[in-house]
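**Q** Here the numbering used here is used: the first residue of the sequence shown is 1, the next is one more, and so on. C-beta: ideal position from N, C-alpha, C; glycine also. Fair warning: this is a prediction, and the values are worked out from it, not measured in the lab. Below is a structure I'd like to ask you about.
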Amino acid sequence: MNYEVSEKGFYGPYGGAYIPEMLVPNITQLRQSYRKILESEEFQRELQQLLRDFVGRPTPLYYASRLSERYGTRIYLKREDLAHTGSHKLNNALGQILLAKRLGKTRIIAETGAGQHGVAAATVCAREGMECVVYMGETDIARQAPNVARMKMLGAKVVPVTSGNKTLKDATNEAIRDWINHPEDTYYIIGSVVGPHPYPDLVARLQSVISLELREQLRKKTGNTDPDYILACVGGGSNAAGIFYHYLGHQAVHLIAIEAAGKGLDTNETAATIKKGRPGIIHGSKTYLMQNEDGQITEPYSISAGLDYPGIGPMHSWLYETGRVQFLSATDTEALKSALELTRLEGIIPALESAHALAALSMIPFKSSHTVVINLSGRGDKDLAAYTDYITETEKPNQ
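Written out as structure tokens, the structure is:
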């Protein structure tokens, strides 16, 4: 089975570039040049040096002994939370700004939900001395205040978005509008494996450093490059694409993606795209998305701002349909509970996004001989308000 993008930008029937006429020159330029630039010796030399000295790669592979004891299996955490800026997002933002510079662009725009991609974009723009505009929904600005402060400190202009439910989908809409109005000097650093071709493939390639490192780290720790299971949360799906990438052809490795079920799959307050959606077009590509009977996009919900998106990357739609990746979902409460469990067993506070992947530990009948890897995609500093509320509520004395 072929899981790579086709020359025309499709994973099976998913993907493509459904874009306004004004953006055709930009997308054509990017499509015709991204592979050549990414694979050039000069680009790779600069990228690898910065991944090492600026991002802090390779990120550690940590054996979680107490968590392993709790679940009766061998659990390793790929510590993307220890990368500079606190998540995997910098891998992609760094690669894309180096690409944008080579394309002659001078202004950067980005969208963000949880704020981690916004911080990553602001960080690389500060390093390059480039203008940075980040679109962020008002709902997310309120619940991710620490990251908003970081973006502003880094010199980015954070533009509040007041349309829709004021979250990631709406921020992406506004970023695309900006791009249409400034096509000549502006480069759009998309934060996930979504959008028109070649963005899904570009982001997946830049995030694939995660699985590349993982193979060597597992070999050193276990004598085998292949684990039995890899678990990753998925909204748009960049951290999942990154840790799955070099294992897609290894059928013995079980790949598990965990969506945000929000308040439950039986409610209208959920962001579980694969479970609740069907094929359609969103933000320039054909993929699974949540929509009503008339094809109008429905508003998603998750306590996790980074998973609060009504679509999923086209690569993941194809991985779902081919059966290569199994999709599960975790509710807000399950994610909060799992985050607190990791914190108190291992002394690691995960991002709410990553906590959804941790929640799958109680859903799968692992054996003691299994090696399980969880992509800890980000750290939880930004989510302390949500965690504090949960702890306060759960530790109230019984009335």
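What do you reckon, are the CB atoms on Y288 and H254 nearer than 7 Å?
**A** No, Cβ-Cβ distance for Y288 and H254 is not below 7 Å.
**Q** Quick check on the burial criterion: 16 or more other C-beta atoms within 10 angstroms. Buried or exposed for A385?
**A** Label assigned to A385: exposed.
**Q** Taking the Cβ atom as the reference point for each residue, do T331 and A261 lie within a distance shorter than 7 Å?
**A** A contact, by the Cβ cut-off of 7 Å.
**Q** Taking D185 as the reference, give the member of Y245, Y34, L307 and E131 with the closest Cα.
**A** D185 has its Cα closest to that of E131, out of Y245, Y34, L307 and E131.
**Q** Which of the three DSSP states is assigned to E393 in this structure?
**A** In the structure shown, E393 sits in a helix (DSSP, three-state: H, G or I).
**Q** Nearest-angstrom Cα distance between I256 and E138?
**A** Computed Cα separation, rounded: 32 Å.
**Q** For L265, which residues of its own chain have a beta-carbon under 8 Å away from its beta-carbon, when the five flanking residues on both sides are left out?
**A** Excluding sequence neighbours, L265 sits near A272, K275, K276 and S329.
**Q** Determine the burial state of V55: buried for a count of at least 16 other Cβ atoms within 10 Å of its Cβ, exposed for fewer.
**A** So V55 ends up on the buried side.
**Q** Is it true that the CB of Y187 sits closer than 7 Å to the CB of I75?
**A** Cβ atoms of I75 and Y187: not closer than 7 Å.
**Q** Tell me, to the nearest whole angstrom, how far the beta carbon of Y309 is from that of G235; I am working on the premise that it is less than 8 Å.
**A** Indeed, because the Cβ distance is near 5 Å, the residues count as touching under 8 Å.
**Q** Measure the Cβ-Cβ separation of V203 and N91 and say whether it is below 7 Å.
**A** No, they are not a contact pair.
**Q** Could you pull out every residue in the same chain whose Cβ sits closer than 7 Å to the Cβ of N165, ignoring the five residues on either side in sequence?
**A** T139 and E299.
**Q** Just checking, does the segment 61 to 80 make contact with the segment 368 to 381 on the three C-beta pairs under 8 Å criterion?
**A** The segment 61 to 80 vs the segment 368 to 381: in contact.
**Q** By DSSP's criteria, R79 is part of a beta bridge. Which residues make up the other side?
**A** Paired residues: L376.
**Q** Quick check on Q32: buried or exposed, where buried means 16 or more other Cβ atoms within 10 Å of its Cβ?
**A** Its Cβ having fewer than 16 others within 10 Å, Q32 is exposed.
**Q** Give me the DSSP bridge partner(s) of H254.
**A** Answer is Y229, bridged to H254.
**Q** For I303, which of E259, V119 and V5 has the nearest alpha-carbon?
**A** The shortest C-alpha separation from I303 is found at E259.
**Q** So, under 8 Å CB-CB, S285 and Y245 are touching, yes? Tell me the CB distance rounded to an integer number of Å.
**A** Contact flag wrong, Cβ pair sits at about 18 Å.
**Q** Which residue spans inside the segment 78 to 156 form an unbroken alpha helix (DSSP H) run of at least 4?
**A** Correct list: 89 to 102, 116 to 128, 138 to 143 and 145 to 153.
**Q** Measuring straight from C-alpha to C-alpha, what distance separates E14 and E395?
**A** One point to set straight first is that residue 14 is Tyr, not Glu, in the sequence displayed. Each residue's alpha carbon lies about 46 Å from the other.
**Q** Are A335 and A360 closer than 7 Å when you measure CB to CB?
**A** Contact: no.
**Q** Looking at the strands, I want to know which residues DSSP matches up with Y63.
**A** Looking at the DSSP assignment, Y63 forms a beta bridge with Y76.
**Q** Around the Cβ of E406, are there at least 16 other Cβ atoms within 10 angstroms (buried) or fewer (exposed)?
**A** Absent from the structure is residue 406, since the part of the chain shown begins at 1 and ends at 399.
**Q** Helix, strand or coil for L307, going by three-state DSSP, please let me know.
**A** DSSP places L307 in coil when its eight states are reduced to three.
**Q** Which of helix, strand or coil does DSSP assign to A272?
**A** A272 falls in the coil class under three-state DSSP.
**Q** On the DSSP bridge assignment, give the partners of T287 in chain order.
**A** According to DSSP, T287 bridges with G280.
**Q** Taking buried to mean at least 16 other C-beta atoms within 10 Å of its own C-beta, is K382 buried or exposed?
**A** Looking at its Cβ environment, which holds 16 or more other Cβ atoms inside 10 Å, K382 is buried.
**Q** Given this structure, state the Cα-to-Cα distance separating M290 from S317, to the nearest angstrom.
**A** Taking the straight line from one Cα to the other gives about 13 Å.
**Q** Determine, using beta carbons only, whether V134 and G118 come nearer to each other than 7 Å.
**A** Contact flag set, yes.
**Q** Which residues does DSSP pair with P160 in a beta bridge?
**A** Note: P160 sits in a beta bridge opposite M136.
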